[in-house]
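Down below is the structure, laid out as structure tokens.
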Amino acid sequence: MAPKKRELAKAAAGPKHKLPAQRRRAKQEKKTQIISQAIVPYSRATRSKRQDITEAAFKPANKPSTLRRPKLPNSVANSNGIKYNQEQATSKDELVIIRSDVSQSPPVTPRTPQRQTPQRRIPVAQFGLLTPPNSGSSSKIQKTVKKTISKKKVSNFQNKLAAAYRADEVVITGTQVNTKPPKHHLWTADERKVLCVIKRFFSADNYSLTAILNGIFPKALIPFTIGMVRSQYTEIRAGKKQTGVESDEVWSAVWDVSDFNTACQNFKLILEKLEETASEVGVPLSRRLEEDLTNVTYTESRKVAVQNRPVKVVREAPNTGRRMTGSRQTISSPTVRQQDGTGQASQQLVARNQTEALTDLPSIEDPTLDETEIQPDSDVPTLLFRAFSSVSAGLNSEERFRAGQYIGRSNAVPPPPDPSDTQFAWDASNHLSQSHEIASKIATPFISLSPSLVWCVQRLYKMAGEEDSKKFAIIIGPVADAHTRLYRVEPILQHLKNTGMYNKNVSYKATMEYFAWAEIPKAAITTTIHRHHLERLAHASPCVTALLRLATLQNTPNMSEARAHFKAHPVPLDGRSGMALAKICLLFGISYRSDQAVITEIVFHVLQGWAVRVDVADLEGVEQAFCSFVGQLGVADCAVGMGGVGGGDGDWGGFGLRVKVREAFFRGVQQAAQEAVREGSVRGNWRRRRNRRGLYSRS
1 MAPKKRELAK
11 AAAGPKHKLP
21 AQRRRAKQEK
31 KTQIISQAIV
41 PYSRATRSKR
51 QDITEAAFKP
61 ANKPSTLRRP
71 KLPNSVANSN
81 GIKYNQEQAT
91 SKDELVIIRS
101 DVSQSPPVTP
111 RTPQRQTPQR
121 RIPVAQFGLL
131 TPPNSGSSSK
141 IQKTVKKTIS
151 KKKVSNFQNK
161 LAAAYRADEV
171 VITGTQVNTK
181 PPKHHLWTAD
191 ERKVLCVIKR
201 FFSADNYSLT
211 AILNGIFPKA
221 LIPFTIGMVR
231 SQYTEIRAGK
241 KQTGVESDEV
251 WSAVWDVSDF
261 NTACQNFKLI
271 LEKLEETASE
281 VGVPLSRRLE
291 EDLTNVTYTE
301 SRKVAVQNRP
311 VKVVREAPNT
321 GRRMTGSRQT
331 ISSPTVRQQD
341 GTGQASQQLV
351 ARNQTEALTD
361 LPSIEDPTLD
371 ETEIQPDSDV
381 PTLLFRAFSS
391 VSAGLNSEER
401 FRAGQYIGRS
411 NAVPPPPDPS
421 DTQFAWDASN
431 HLSQSHEIAS
441 KIATPFISLS
451 PSLVWCVQRL
461 YKMAGEEDSK
471 KFAIIIGPVA
481 DAHTRLYRVE
491 PILQHLKNTG
501 MYNKNVSYKA
511 TMEYFAWAEI
521 PKAAITTTIH
531 RHHLERLAHA
541 SPCVTALLRL
551 ATLQNTPNMS
561 EARAHFKAHP
571 VPLDGRSGMA
581 LAKICLLFGI
591 SYRSDQAVIT
601 EIVFHVLQGW
611 AVRVDVADLE
621 GVEQAFCSFV
631 GQLGVADCAV
641 GMGGVGGGDG
651 DWGGFGLRVK
661 VREAFFRGVQ
671 QAAQEAVREG
681 SVRGNWRRRR
691 NRRGLYSRS
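For the sequence shown, the UniProt record's numbering begins at 1 and goes up steadily by one.
Here it is as structure tokens:
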């Protein structure tokens, strides 16, 4: 084989010098015959004359192992005398004869590597690809789908399938093509009912709730998530916002029976199924032993909280203006809704007992007061004040105040929570935020109040809003606390600073601020004063102008500087200041026959807030102030036709009323004097400590 190949190679290479024409033609014919025997009939390509004979062999573009190389028998080629040209066969008939002798096997399609794309594989069923059963083209369709989805859109994909396959095998409609899953889960009535049942009868966190719902409803289009469950239960408690319906059918179905034990018997099968599902899923789920009032929102279930809530007994201690509370009494009533009239009668009894606890207070002369064990409650003062305008948060009117979180809800507000709750702390932090964006956009369940009258009057000049809308209200603290609940802000703010929920560098301590939960009823609001009314009174009366000094409150930036100016230029307590006190009380709606505690509070707030110089040893000056005060109140009572009740010689309204007003006035003067002494002692100690530090630093 090797000598023959060398001869063929030498023949193909040709001589180094020119040969005669005959020898050249003979060699050319021989060379053509050799090349024609090596050409594969399937190939159309030829090689040039000067190529090596080994290079003239056919080399396919793909792998040679995938193709079968045909062999041409010499007998057939010699008998027929077939000769091939350099470019192609001599005739089509001869090429057909050669192909007929070759074993007929279809050419194998070259295998090209499939293109890998990072896109997610989508099932064929999502694209509406329908194939009849026992169809042989299903695998071919799936291969085509895999190649086409990663490159083309759905519209091009449909066109290719329509062109590649028959219409009876593949049916595609435009409505079946949907590549996007639904965005939101549409809650059914059963799912919402199960959620309400778990919330009422079990104690479980949101993670356990989500796991149980996924175990009960495994065929949901979208699995339940923690945020989905939390938001859905919040919407159920708030009612249907789209339709404006206050109550929800699912909520009413769960809370139809208000008695907890009876409701547990009604939902016994559902509760057992929930416990079984919780054990299968492997999450903790424990039953409640009593009603959880934090879940109460709607009017139907709100009555349960009203019955179970303890009632405060508000009394006034003898010879003091401080608010006192007795032991709390709980009025128990098992059910709210009953078929007969027992439920309605029990509700009326609860309302009547609460009203009696707030209105029928024992008088100072009541001998039974000393026998009752009472405890002072200094957290809630007798009078509180609220300055507001058109831009203040929440609903502010002369009839009631309501927090911004409960605007637009005609139903009752939920009971006040525990101050140690995390949500309570976050709401308080947002309410006390110095950021205007947070304070104006985030609604909180609190209403700000202050026990300082002078601070609220200055707020009327510093707060934003329309000038005609700036007012302040006088609120009875015990009544507001009995209706909802009042909180001192100072310990709450200190807790927020210690836990890092509020900036520690803020110097504000909230010593003169209170929080009212959710709303303040009309019964707790005594009067509402417009700023223009206060200015008109000061303009009409020189004594009121000298006492209030509204220009100082308007021009000073804060209360500390205003108080410092008042202390530097004090007004003495005499007959003139007593007359100004009486006119201010009349503007606030306080008359000769008002409650003693209210008169004491107003006298104290004016004398202490505006730093009136009070000298208890100067009995003559205090007596002149009282005579002017009671005389001005008596003149106002006579103007409305209420004077002369058993009186005489200038004793307006009778001797008994005059004695009570005198006690209330002198009590307010004494409290203001004690507060001034306390402030002076604290200020003096602070100065001595500062001087002592200066001496030590110099030494």
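Positions of the beta carbon are idealized from the N, C-alpha and C atoms, including for glycine.
Of Ala676, Ile599, Gln608 and Arg613, the smallest CA-CA separation from Arg662 is found for Ile599. Contact between Met579 and Cys543 holds: CB atoms are separated by about 5 angstroms, below the 8 angstroms threshold.
Here Arg563 really is in contact with Ala611; their C-beta atoms are around 6 angstroms apart, less than 8 angstroms. For His569, there is no enclosing alpha helix (DSSP H), as DSSP gives it neither H nor E. Note on Asp574: 16 or more other CB atoms within 10 angstroms of its CB, so buried under the neighbour-count rule.
Rounded to whole angstroms, Trp426 and Ser392 show a C-alpha spacing of 20 angstroms. Around the beta carbon of Asp481, a 10 Å sphere encloses 16 or more other beta carbons of the protein chains shown; the residue is thus reported as buried. In the displayed model, Leu460 falls within a helix according to three-state DSSP. About 15 angstroms separates the beta carbon of Phe515 from that of Ser452, a gap too long to meet the 8 angstroms contact definition. Only residues of its own chain outside the window of five on either side were considered, and among them Ile212 and Leu285 have a CB closer than 6 angstroms to the CB of Ala278, listed in chain order. When C-beta atoms of the segment 412-429 are compared with those of the segment 548-562, fewer than three pairs fall below 8 angstroms, so the two segments do not count as touching. Contact between Met463 and Ala387 holds: their C-beta atoms lie close to 6 angstroms from each other, under 8 angstroms.
Excluding sequence positions up to five before and after Ile226, its CB lies within less than 7 angstroms of the CB of Asn206, Tyr207 and Thr210, all in the same chain and listed in chain order. Per the DSSP secondary-structure output, Trp517 pairs in a beta bridge with Phe446. In this structure, Ile474 is the residue among Leu460, Val659, Ser469 and Ile474 with its C-alpha nearest to the C-alpha of Pro381.
Between the segment 487-500 and the segment 527-538 there are fewer than three inter-stretch CB-CB distances shorter than 8 angstroms, so the stretches are not counted as touching. Between the alpha carbons of Ile590 and Gln632 lies a distance of about 12 angstroms. If you look at Ile476, you'll find it isn't in any alpha helix (DSSP H); it sits in the beta strand (DSSP E) that goes Lys471 to Ile476.
Exclusion of the five residues before and after Ile198 leaves Ala204, Leu209, Ile212 and Leu274 as the residues of its chain whose Cβ lies within less than 7 angstroms of its Cβ.
Per DSSP, Ala387 is not a residue of any alpha helix (DSSP H); the beta strand (DSSP E) it occupies stretches across Leu383 to Phe388.
Under the criterion of beta carbons closer than 8 angstroms, Ile529 and Phe588 qualify as touching, at roughly 7 angstroms. Shown here, Tyr233 sits in a helix according to DSSP, grouped into three states. Checking the DSSP bridge columns, you'll see Ile529 partnered with Phe472.
Listed as beta-bridge partners of Asn266 by DSSP are no residues whatsoever. One thing to note: Ala523 has its Cβ no nearer than 8 angstroms to the Cβ of Tyr406.
For Leu186, no alpha helix (DSSP H) segment is defined, and its DSSP state is neither H nor E. By the Cβ test, the segment 605-620 is not in contact with the segment 393-405, since fewer than three Cβ pairs between them sit closer than 8 angstroms.
In this structure, the straight-line span from the alpha carbon of Asn498 to that of Lys504 is close to 8 angstroms. Closest by C-alpha distance to Lys219, out of Val413, Val506, Glu249 and Leu186, is Leu186. Contact between Phe401 and Ala428 does not hold, since the beta-carbon distance rounds to 18 angstroms and is not under 8 angstroms. Within 10 angstroms of the beta-carbon of Ser389 lie 16 or more other beta-carbons, which makes it buried.
Val457 is not a Cβ neighbour of Leu607, given a cutoff of 8 angstroms. Here the alpha carbons of Val489 and Leu581 stand approximately 30 angstroms from one another. Distance from Ala443 to Gly404 at the Cβ level is roughly 4 angstroms; contact confirmed, criterion being Cβ atoms closer than 8 angstroms. Look at Leu289 here: in three-state DSSP terms it is coil, with no helix or strand label. Phe665 sits away from Val571, with the two beta carbons spaced by 8 angstroms or more.
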